[in-house]
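A.B. asks:
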Amino acid sequence: METMQQINIVISGFTPYEGIDVNPAVLVPAAVAKQWGDPAQSQAISEELLQDIAVTVTNVTLPVSFAKAWPTLLEAIEQAKPDIVIATGLKRTSRGILLERCATNLMDAAKPDADNVIPPRRPIDPEGPAAYWTRLPLRSILHDFAKHEIPAALSSDAGTFVCNSLFYHLLNWSAGQERRILSGFVSLPIVNGRPHERGLPIEQQTAAVDDVLRESVRYFLQPSSSDILLG
183 METMQQINIV ISGFTPYEGI DVNPAVLVPA AVAKQWGDPA QSQAISEELL QDIAVTVTNV
243 TLPVSFAKAW PTLLEAIEQA KPDIVIATGL KRTSRGILLE RCATNLMDAA KPDADNVIPP
303 RRPIDPEGPA AYWTRLPLRS ILHDFAKHEI PAALSSDAGT FVCNSLFYHL LNWSAGQERR
363 ILSGFVSLPI VNGRPHERGL PIEQQTAAVD DVLRESVRYF LQPSSSDILL G
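Written as structure tokens, this is what we have:
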């Protein structure tokens with residue numbers, strides 16, 4: 183009897199933001215983790231990929247804190263021992279889903295975080311590289327988004343606030359691991375069901391992040407350079 187291959191995923195979001203009543207960075211990761219916990223969903227994924235795999239998705243909600251966000255995610259990572267880590271956050275100005283290409287080694291906050299702290303403008307890691315590229319298959323994810331008519335685009339970076347700081351710590355950690363780990367960051371827009379305005383319905387955002395997980399699992403199992411798109 184063959185043993186099923188186990189793939190562990192950690193997906194993170196952030197606690198509520200000031201002035202945001204419906205926070206996709208809380209709701210979407212939780213909804214996607216629940217979907218993937220459904221045995222019928224897992225079986226459909228296995229059939230689609232023609233692999234005998236078992237997928238476990240762990241959801242963690244992080245504080246919007248320079249000091250606490252990464253340690254909280256790292257604790258979840260150490261417990262789950264993931265093969266794939268998908269971090270999400272809110273980008274209020276976006277009209278659709280943004281796939282973040284790059285994490286930059288810079289903190290430059292113009293407003294306080296949840297701890298009421300504005301850190302001085304400085305590198306996240308004085309000894310680290312200036313930037314890291316995402317490890318997610320952006321080309322195949324965008325292709326999936328197009329098939330499902332999900333508005334999306336590539337984004338050069340995740341800014342210089344807590345989202346970028348978390349993203350940089352995550353990629354820095356990934357780069358130091360002996361085994362191959364896929365990791366990246368997805369920025370979500372505000373929740374809005376009105377056409378021609380900023381934001382997307384929560385159902386469409388959930389479908390988008392579900393696509394991100396599916397394509398990441400596919401790429402983890404069947405790596406291909408054609409799945410990567412950074413430029």
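Here the sequence shown stands for residues 183 to 413, numbered as in this note's numbering.
C-beta atoms are modelled at their ideal positions from N, C-alpha and C, and glycine is treated no differently.
Small disclaimer: the values here were computed from a predicted structure and weren't measured.
1) Under 8 angstroms between the Cβ atoms of P333 and R277?
2) Check I266 in the structure and name its three-state DSSP category.
3) Contact defined as beta carbons within less than 8 angstroms: I believe A262 pairs with N354. What is the distance between those atoms, to the nearest angstrom?
4) If you draw a straight line from the C-alpha of D265 to the C-alpha of Q187, how long is it?
5) Counting only the same chain and skipping the five closest in sequence on each side, list residues whose C-beta sits under 7 angstroms from that of R304.
6) Suppose you measure from the CA of P206 to the CA of G310; what does that come to, to the nearest Å?
7) If you run the structure through DSSP and keep just helix, strand and coil, what is F402?
8) Pairing CB atoms from the segment 232-251 with CB atoms from the segment 318-328, are three or more of them under 8 angstroms?
9) So the beta strand (DSSP E) Y350 belongs to, where does it begin and stop?
10) Return yes when the Cβ of F327 is within less than 8 angstroms of the Cβ of C345, no when it is not.
11) Would you kindly work out how many angstroms separate the C-alpha atoms of L232 and S398, rounded to a whole number?
12) So the beta strand (DSSP E) I191 belongs to, where does it begin and stop?
13) Report the CB separation of A210 from V391 in whole angstroms; it is logged as a contact under 8 angstroms.
14) Between Y350 and L272, is the Cβ-Cβ spacing less than 8 angstroms?
15) Could you tell me which residues DSSP pairs with S365 in its beta bridges?
16) Find the nearest neighbour of R400 within the set P319, R274 and R376, judged by alpha-carbon distance.
17) I'd like to check one pair, A215 with T240: are the Cβ atoms closer than 8 angstroms?
18) Under a Cβ-count criterion, where at least 16 other Cβ atoms within 10 Å of its own Cβ denotes burial, should Q386 be classed as buried or exposed?
C.D. replies: Once the coordinates are examined:
1) Taking the sequence shown and counting its residues from 1, the one referred to as residue 333 is at position 151. Taking the sequence shown and counting its residues from 1, the one referred to as residue 277 is at position 95. At the C-beta level, P333 and R277 come within 8 angstroms of one another.
2) As a first step, residue 266 must be located in the sequence shown, where it is residue number 84. I266 falls in the strand class under three-state DSSP.
3) As a first step, residue 262 must be located in the sequence shown, where it is residue number 80. As a first step, residue 354 must be located in the sequence shown, where it is residue number 172. 19 angstroms between Cβ atoms; not a contact.
4) The residue labelled residue 265 in the question sits at position 83 within the sequence shown. The residue labelled residue 187 in the question sits at position 5 within the sequence shown. It is roughly 12 angstroms from the alpha-carbon of D265 to the alpha-carbon of Q187.
5) Taking the first residue of the sequence shown as 1, we reach residue 304 at position 122. Closer than 7 angstroms at Cβ, skipping near neighbours: M289.
6) As a first step, residue 206 must be located in the sequence shown, where it is residue number 24. As a first step, residue 310 must be located in the sequence shown, where it is residue number 128. Here the alpha carbon of P206 sits roughly 31 angstroms from the alpha carbon of G310.
7) Position 220 of the sequence shown, counting from 1, holds the residue named residue 402. The three-state secondary structure of F402, taken from DSSP, is helix.
8) No, they do not touch.
9) By one-based count along the sequence shown, residue 350 stands at place 168. Counting along the chain, Y350 falls outside any beta strand (DSSP E), though it belongs to the alpha helix (DSSP H) covering V344 to A357.
10) Residue numbering aside, residue 345 sits at position 163 when the sequence shown is read from its first letter. Residue numbering aside, residue 327 sits at position 145 when the sequence shown is read from its first letter. No, the pair does not count as a contact, with Cβ atoms beyond the cut-off.
11) Mapped onto the sequence shown, residue 232 falls at position 50. Mapped onto the sequence shown, residue 398 falls at position 216. In this prediction, L232 scores a pLDDT of 45, lower than 50, which makes its location untrustworthy; the coordinate-derived value is nonetheless stated afterwards. So the alpha carbons of these two residues sit roughly 15 angstroms apart.
12) Within the sequence shown, numbered from 1, the residue matching residue 191 stands at position 9. Taken as a continuous stretch (DSSP letters only), the beta strand (DSSP E) holding I191 covers Q187 to F196.
13) One-based indexing of the sequence shown puts residue 210 at position 28. One-based indexing of the sequence shown puts residue 391 at position 209. Reading off the sequence shown, one finds Val at residue 210, where the question assumed Ala. Indeed they touch by this definition, with Cβ atoms about 5 angstroms apart.
14) Locating residue 350 in the sequence shown gives position 168, counting from the first residue. Locating residue 272 in the sequence shown gives position 90, counting from the first residue. No; because the gap between Cβ atoms is not below 8 angstroms, this pair is not in contact.
15) The residue you call residue 365 lines up with position 183 of the sequence shown. Looking at the DSSP assignment, S365 forms a beta bridge with V267.
16) In the sequence shown, residue 400 corresponds to position 218, counting from 1. Each of P319, R274 and R376 was checked against the Cα of R400, and the nearest Cα belongs to P319.
17) Mapped onto the sequence shown, residue 240 falls at position 58. Mapped onto the sequence shown, residue 215 falls at position 33. Judged by their CB atoms, T240 and A215 are nearer to each other than the 8 angstroms cut-off.
18) Stepping through the sequence shown from its first residue, residue 386 is reached at position 204. Of the other Cβ atoms in all chains shown, 16 or more fall within 10 Å of the Cβ of Q386; this residue is therefore buried.
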